[in-house]
Structures are given as structure tokens and as C-alpha cells.
Amino acid sequence: DQPGQSHFTREFGGGSVSFRLILPAADGCRVKVTSFEPMSGFTADDIVYPVDETVIVVRGRIRLTVPDQAEPIELAAGGVYHVPAGEHYGIFVITQDTMLSCVFSAAADGTLPDDL
């Protein structure tokens, strides 16, 4: 690890796991990248972060629910969804062997979700 760099794993139960990496940059910019491997049927409601998040579906299919969208949004491999800071959303994993890559930008005060 380099100064300001963190690597850790989070278990969500039922075999769903994420691998988290927080990286510093020479210019002081920080980013968090999470590789999330949820099991089919995994559900999380009312997710909200104080920072922007971009969700990329690497493989599999997910369904996102967003309060201002009348219908859920289904994304397959290659799909991308940007979640602005403070926006609530939910996720349902449709297929086995799903993998998401989630990228978080730092908040104005420099913090990221899961700062240790």
C-alpha cells in the first residue's frame, strides 16, 4: 500500500462480496473503485452516498430503481449508470455471475465512502 491507499473486502452475506480500493493521486484527487460480485437475487434498497458514483455492469444483469424513474432500469454487460451525490437508488441482481465496477469521486471535503 502507498500512503492514503486502502484495500479491503466487504461481505454482504449469501456469497455476495465486494473488493474495495481507495487510491490517492499526486494532485490530491482521490477515487474509490469497488469490484462488486453479488449473488443472483441480491437486493439492496435505499442506497445513497454523499459522493457521485458510476456503476458499470461488467457481466450479468441488474435492475435499478430510481425515485424519479417510473419504471426500473435494466442494465446488462456494458451498461453504465451515473448516480449523482445524494440520489437514492435500489438494486436487484437478476443473473448469477454478475460483476459490477463502481467508481466513486471524492466529496468536497475529500472523503470517500468507506474511508478508514
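For the sequence shown, our numbering gives the first residue as 38, with consecutive numbering after it. A virtual CB, placed ideally from N, CA and C, is assigned to each residue, including glycine. None of the values given here were measured: they were computed from a predicted structure.
Which stretch, first to last residue, makes up the beta strand (DSSP E) that contains residue i?
i      : result
Ser91  : Looking at the sequence shown, residue 91 is not Ser but Thr. Its beta strand (DSSP E) spans residues Glu90 to Arg96.
Met76  : Counting along the chain, Met76 falls outside any beta strand (DSSP E), and DSSP gives it neither H nor E.
Tyr86  : No beta strand (DSSP E) contains Tyr86, which DSSP labels as neither H nor E.
Glu111 : Ile110 to Ala113
His119 : Val117 to Val120
Leu149 : It is not in any beta strand (DSSP E) - Leu149 carries neither H nor E in the DSSP assignment.
Ile128 : Tyr126 to Val130
Val140 : Met136 to Ser142
Please state whether the Cβ-Cβ distance between residue i and residue j is less than 9 Å.
i      : j      : result
Thr135 : Glu74  : yes
Asp83  : His119 : no
Thr71  : Gly97  : no
Lys69  : Val117 : no
Val92  : Leu101 : yes
Ala81  : Gly51  : no
Check the C-beta distance from residue i over to residue j and give it rounded, since I have them as a contact under 8 Å.
i      : j      : result
Val94  : Ala122 : So it is not a contact: roughly 21 Å between Cβ atoms.
Leu149 : Arg47  : Contact doesn't hold; Cβ gap of about 14 Å is too wide.
Ile99  : Phe129 : 7 Å
Would you say residue i touches the ligand PLP, meaning its beta carbon is less than 8 Å from a heavy atom?
i      : result
Thr148 : Within the structure as shown, the ligand PLP is missing, as the structure has no ligands at all.
Checklist entry - Taking contact to mean at least 3 C-beta pairs separated by less than 8 Å, is the segment 67 to 81 in contact with the segment 105 to 114? => result Contact between the segment 67 to 81 and the segment 105 to 114 is absent: fewer than 3 CB-CB pairs across the two stretches fall below 8 Å.
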